[in-house]
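If you're matching positions, the sequence shown starts at -6 in my numbering and goes up one per residue. Don't be surprised by glycine CBs; every beta carbon is placed ideally from N, CA and C. Notes for the one structure printed next.
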Amino acid sequence: MRRHCSWTPCAIFCPEPHGASLVDKRRKAPDLSHERKLRQEIYDAMAAGRMSVGQAVAAMRRISRLTQPEFAKHRGFSVQSLRLIESDKTNPTIDTLGKIASIFGLQVGFVPKTGSCVSWQELERGLSESPEAVPLPSRIERSE
């Protein structure tokens, strides 16, 4: 059975086999509810750290039904740059990531790693046990 494409994460996010490629927008009208579901699953996978930046860019581009040349032209960079990003063979600049993210309603920023949140008690204990401990300013309010 063929899937939307040979891209491995598509098998994870799209269990239903189809004969046409997601990118081949001339064959089939888009199923918006299906695309919304795929998009949310990709957001969840990105948040959980199960997808690289390149995999996420490729997935979002395919869901948007754009070819690499179409997407690269729309975002203002070369097809070669996009291919390197999608294959995780380059580290895109913050500006490039911003151009890519904006079309999907995303923004580039710092987010905590999954499971890496530290409680105030752990933070204070770690600071007090360290020989070069820096006291927490008294003006910082703690919500426990």
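For residue 44, the three-state DSSP class (helix, strand or coil): Correct three-state label for residue 44: coil.
Continuous alpha helix (DSSP H) stretch holding residue 23: start and end: Looking at the DSSP string, residue 23 is not in any alpha helix (DSSP H), and its letter there is neither H nor E.
With 16 other Cβ atoms within 10 Å as the buried cut-off, status of residue 29: Result: exposed.
Reduced DSSP secondary structure (H/G/I, E/B, other) of residue 14: Its pLDDT being 47, under 50, residue 14 is placed unreliably in this model, and the value from its coordinates should be taken loosely. Secondary structure at residue 14: coil, using DSSP grouped into helix, strand and coil.
Distance, residue 118 Cα to residue 14 Cα: Because the pLDDT at residue 14 is just 47, under 50, the model does not fix this residue reliably, and the point stays unresolved.
contact_flag[the stretch 70 to 88, the stretch 23 to 39] where n(CB pairs < 8 Å) is 3 or more: The count of Cβ pairs closer than 8 Å, one atom from the stretch 70 to 88 and one from the stretch 23 to 39, stays below three, leaving the stretches out of contact.
Neighbour-count burial assignment, residue 85, 16 or more Cβ in a 10 Å radius: The residue is buried, with at least 16 neighbouring Cβ atoms inside 10 Å.
C-alpha distance - residue 94 paired with residue 63, whole-angstrom precision: When only Cα atoms are considered, residue 94 and residue 63 end up about 16 Å apart.
Reduced DSSP category for residue 177 - H, G, I as helix; E, B as strand; rest coil: It is not possible to answer for residue 177, since the shown part of the chain is limited to -6 through 137.
Simplified DSSP state of residue 68, which is helix, strand or coil: Residue 68 falls in the helix class under three-state DSSP.
Unbroken alpha helix (DSSP H) run spanning residue 92, endpoints: Where residue 92 is concerned, the enclosing alpha helix (DSSP H) stretches over 87 to 96.
Proximity below 7 Å, CB of residue 52 to CB of residue 79: It is not a contact, given that the beta carbons lie outside the stated cut-off.
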